[in-house]
Amino acid sequence: MKRANQEILKSKYPKLFPTSLSAEGKFTTGFQCQDGWFTLLDNLFGSIYRYCSSDNKEYPYLVYLKSKFGYLAIHFENSDEVIFGMKHMASHMSTRTCEFCGTMRNVGQTQMPWIYTCCELCYEGNQQGKDLTWAPND
Ligand SMILES: [Zn+2]
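Per numbering that gives the first Met the number 0, the sequence shown runs over residues 0 to 137.
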């Protein structure tokens, strides 16, 4: 993800990125996904913020966030079952959202050895996809 987009998310949701914990090895891997999932992450983090602030709960903090086998793999410490549900929903949505441009139209996945979720246009325009095959979602 572009540095500028990372900074937007960090400045909107600073409690999910505690710097003291980063120093201890939390979220040192950073954002390991493309910009197409920016809106998905913005909505997920916004939902977590609303949930925590309205209930006066402690905020969870990010440990990792990556594109893995075509879906958003994300892990929070200090989480609960509600946040787990939000995270699960975001991961599911990521398999329907182009990781490169964010569209939900004509989205599918590349096949082994490198599985990622993208639309047909991004697949065709993406150098990384040249040796991979792509199939639309059901
Ligand atoms: Zn796309």
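Quick reminder that beta carbons are idealized off the backbone N, C-alpha and C, glycines included.
Here the structure is a predicted model, which is why all the values come from computation and not from measurement.
Under 8 Å between C-beta atoms of residue i and residue j
i: LEU40; j: MET85; result: no
i: ASP34; j: MET0; result: yes
i: TYR50; j: VAL81; result: yes
i: CYS117; j: LYS65; result: no
i: TYR60; j: PHE75; result: yes
i: TYR70; j: SER46; result: no
Residue i versus residue j - alpha carbon distance
i: MET88; j: LYS14; result: 21 Å
i: THR102; j: GLU6; result: 22 Å
i: TRP36; j: ASN77; result: 23 Å
i: LYS67; j: THR109; result: 12 Å
i: LYS119; j: GLY107; result: The sequence given here has Glu at residue 119, not Lys. Looking at the two C-alpha atoms, the distance is approximately 7 Å.
i: PHE26; j: TYR122; result: 29 Å
i: THR96; j: ASN125; result: 16 Å
i: HIS91; j: ILE73; result: 12 Å
i: ILE114; j: PHE30; result: 18 Å
Residues that DSSP places opposite residue i in a beta bridge
i: LYS1; result: According to DSSP, LYS1 bridges with nothing at all.
i: PHE30; result: LEU64
i: HIS74; result: TYR63
Cβ pair count under 8 Å reaching 3, the region 117 to 136 against the region 46 to 62
The region 117 to 136, when compared against the region 46 to 62, does not touch it at the 8 Å Cβ threshold.
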